[in-house]
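>
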Amino acid sequence: MNPFLDTLQSLRDAFGSGKTRPAEFRAAQLEGLNRFLKENRDALLAALAQDLHKAPFESEISEISICQSEINLALNNLHSWMKDEHVSKNLATQLDTAFIRREPYGVVLIISPWNYPLNLVLVPLVGAIAAGNCVVLKPSEMSKSMEKIISEVLPSYLDKNCFAVVLGGPQETTTLLENKFDYIFFTGNPSVGRIVMSAASKYLTPITLELGGKNPCYVDDNCDPQNVANRVAWFRFFNAGQTCVAPDYILCTRETQEKLLPALQNAVTQFYGKDPQGSPDLGRIISDKHFHRLRGLLGNGRAAIGGQSDEQERYIAPTVLVDVKETDPVMQEEIFGPILPILNVQSIDEAIAFIRKREKPLALYAFSKDSKVVRQMLEQTSSGGFCGNDGFMHMTLTTLPFGGVGNSGMGMYHGKFSFDTFSHQRGCLLRSSGMEKLNSLRYPPYAQRNLGL
Ligand code: NAD
1 MNPFLDTLQS LRDAFGSGKT RPAEFRAAQL EGLNRFLKEN RDALLAALAQ
51 DLHKAPFESE ISEISICQSE INLALNNLHS WMKDEHVSKN LATQLDTAFI
101 RREPYGVVLI ISPWNYPLNL VLVPLVGAIA AGNCVVLKPS EMSKSMEKII
151 SEVLPSYLDK NCFAVVLGGP QETTTLLENK FDYIFFTGNP SVGRIVMSAA
201 SKYLTPITLE LGGKNPCYVD DNCDPQNVAN RVAWFRFFNA GQTCVAPDYI
251 LCTRETQEKL LPALQNAVTQ FYGKDPQGSP DLGRIISDKH FHRLRGLLGN
301 GRAAIGGQSD EQERYIAPTV LVDVKETDPV MQEEIFGPIL PILNVQSIDE
351 AIAFIRKREK PLALYAFSKD SKVVRQMLEQ TSSGGFCGND GFMHMTLTTL
401 PFGGVGNSGM GMYHGKFSFD TFSHQRGCLL RSSGMEKLNS LRYPPYAQRN
451 LGL
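Following full-length UniProt numbering, the numbering of the sequence shown begins with 1 at its first residue and continues without gaps.
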């Protein structure tokens, strides 16, 4: 027997009771999340430090405060988001009421990865709660300290009948996925995304897939190298490069590369000191498996900056690789670590052709002082999100949808988009029973109808 059946049945009963539907219930759960963040702030920071050696500043801005602003946005807008949306009507329905009702799906499953182990559990959870669902959370088994807090502390801030945390790795998640859910929200890598999608197909369960990939970063000759280097180094080496929207590689001319290299070295030294291993602000690699995978990539091309590693600490130095070939392993897979290859192109057209030959990325970046160049990159490529002259700042706006396209995923969330993702949009028409004379014009026998054809 499937070990999750009882848990799922009790969530289904709770949803069936209608408990999660009133705005007051949803608001109370969101307030619970706010209290959870406030009262456990130190423990959360400690867990992020244990799992990823995340600096408190990085944890604050990329995990805790993002969750808080999503919760507060949902609390402030819950009533307006939940309102029926009245729509325009045709001649035949003038006296009727037509609207879109956003109703909860039911019991939803949220599966999360380890790289932002708080953010990527809580931000989707905010949307699922705001939309009135019951939820099963499956945090990553790799970020052990955060997994413990999510499973042992978070439930006491939520209604236990409506929310459950399930633990385990691939094997347990496979078993979990054998069950029927009303919606599945998955964040992780594209190959696991395929497994989730095929499990969802058994019940035709709607899904969101928030996946990864290789995010290109084009740097135009017309740029301020130090300005670009500061921004690129910050968002490539943030969380030790373990960020789904981090730039995976730079495309630029050889001349720009020569100007960027000293600027990047300067940025790395400014940020992490002469010996980055001693910096409190540089993260570590999540597991031995990922450490060995990344260490293997350090040998691709030539390390113009960094290149050092320490197995004991799972430390990989902030590294910039040059003389990298398109066919090198570092260009075949998502790097997901503090390694930044630079590939040379002759022009923006060549960069665009390079990008278009590959899978659509989750994010795409273009740096230039000439806004026409940035716009050209935007117009001639496709990606989940796009940011000109900076990195991942687009995802800090809750007014923008966040999600992938093609191989980088499907569906979107953040802000109101999360609420919509976890809501079924039910098209409703409430007709009047009057005007039967007029309505009878549509009934057979049709031979008596003259449509003037
Ligand atoms: P992952 O796909 O290995 O794991 C994600 C979740 O799926 C975990 O909870 C894990 O337990 C579960 N899982 C793993 N293998 C499974 C299997 N065979 N069957 C069923 N479940 C399984 O991803 P990860 O290593 O935790 O995270 C890194 C990946 O996530 C990268 O590709 C990154 O780009 C992507 N990511 C995407 C986003 C986004 O918002 N698009 C955000 C963060 C990470």
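From the three backbone atoms N, C-alpha and C, an ideal C-beta is built for every residue, glycine too.
Predicted, not measured: the structure shown is a model, and the values here were computed from it.
If T421 sits next to T93, beta carbons under 8 Å apart, how far is it from one beta carbon to the other, in whole angstroms?
Between T93 and T421 the Cβ distance is about 29 Å, and since that is not below 8 Å, they are no contact.
> Which word fits I61, buried or exposed, when buried means at least 16 other C-beta atoms lie within 10 angstroms of its C-beta?
That one is exposed.
> With DSSP run on the structure shown, which of helix, strand or coil describes A353?
A353: helix per DSSP, three-state reduction.
> For M146 versus P124, is the C-beta distance shorter than 8 Å?
No, the Cβ-Cβ distance between M146 and P124 is not below 8 Å.
> For the alpha helix (DSSP H) containing V228, name the first residue and the last one.
Element bounds for V228: P225 to F237.
> Are there any heavy atoms of the ligand NAD lying less than 7 Å away from the beta-carbon of G127, as far as the coordinates show?
G127 Cβ: outside cutoff for every heavy atom of the ligand NAD.
> If you count every other CB in all the chains shown that lies within 10 Å of the CB of C162, and 16 or more means buried, which is it?
Flag for C162 reads buried.
> Taking 7 Å as the cut-off, is the C-beta of T269 nearer than that to any heavy atom in the ligand NAD?
T269: no, Cβ never under 7 Å from the ligand NAD.
> Taking 7 Å as the cut-off, is the CB of G169 close to at least one heavy atom of the ligand NAD?
Result yes, Cβ under 7 Å from the ligand NAD.
> At a cut-off of 7 Å, is C387 close to the ligand NAD when judged by its beta-carbon and the heavy atoms of the ligand?
Not so, every heavy atom of the ligand NAD lies at least 7 Å from the Cβ.
> How should M395 be labelled, buried or exposed, when 16 other C-beta atoms within 10 angstroms of its C-beta is the threshold for buried?
Label assigned to M395: buried.
> Is it buried or exposed, M1, if we count other Cβ atoms within 10 angstroms and call 16 or more buried?
Exposed.
> Applying the 10 Å Cβ sphere with the 16-neighbour rule, what's the burial state of M82?
Label assigned to M82: buried.
> Answer yes or no: do L75 and L45 have a C-beta to C-beta separation smaller than 8 Å?
No, Cβ-Cβ distance for L75 and L45 is not below 8 Å.
> So does E334 have its beta carbon nearer than 7 Å to some heavy atom of the ligand NAD?
The answer is yes for E334.
> Would you mind reading off the limits of the alpha helix (DSSP H) that contains N34?
Segment A23 to E39, the alpha helix (DSSP H) holding N34.
> Can you name the start and end residues of the alpha helix (DSSP H) that G296 belongs to?
Its alpha helix (DSSP H) spans residues D288 to L297.
> In three-state terms, what does DSSP make of Q68?
Helix, per DSSP.
> Got a sec? Which residues, its chain only, sit under 8 Å from R35 by beta carbon, not counting five neighbours each side?
Around R35: Y157.
> Only counting the same chain, and skipping five residues up and downstream in sequence, which positions put a Cβ closer than 7 Å to that of S10?
Closer than 7 Å at the Cβ level, and outside the excluded window around S10, lie N161.
> The alpha helix (DSSP H) that contains K437, what's its start and end?
Counting along the chain, the alpha helix (DSSP H) containing K437 begins and ends at E436 to N439.
> Can you tell me where the beta strand (DSSP E) holding E359 begins and where it ends?
Here E359 belongs to no beta strand (DSSP E), and DSSP marks it neither H nor E.
> Could you say which of E334, L340, G283 and K437 lies nearest to G307 if we only look at CA atoms?
Ranking E334, L340, G283 and K437 by Cα distance to G307 puts L340 first.
> Going by DSSP, which residues form a beta bridge with M410?
BP columns for M410 point to L209.
> In whole angstroms, give me the CA-to-CA distance for F354 and V320.
Near 20 Å, if we compare the C-alpha coordinates of V320 and F354.
> Between T20 and chain B, is there a C-beta pair that is closer than 8 Å?
Chain labels in this structure do not include chain B; a single protein chain is all it has.
> Looking at C-alpha atoms only, which residue of S17, L120 and L73 is the closest neighbour of G415?
When only C-alpha atoms are compared, the closest one is L73.
> For the alpha helix (DSSP H) holding I339, just list the boundary residues, first then last.
That residue, I339, is in no alpha helix (DSSP H); its beta strand (DSSP E) goes I339 to N344.
> Output needed for Y203: all residues of its chain with C-beta closer than 6 Å, excluding positions within five of it in sequence on either side, in chain order.
K180, listed in sequence order.
> At which residues does the alpha helix (DSSP H) containing A200 begin and terminate?
Start and end: P190 to S201.
> Tell me the DSSP secondary structure of S423 in three-state form.
In this structure, S423 counts as strand in the three-state DSSP scheme.
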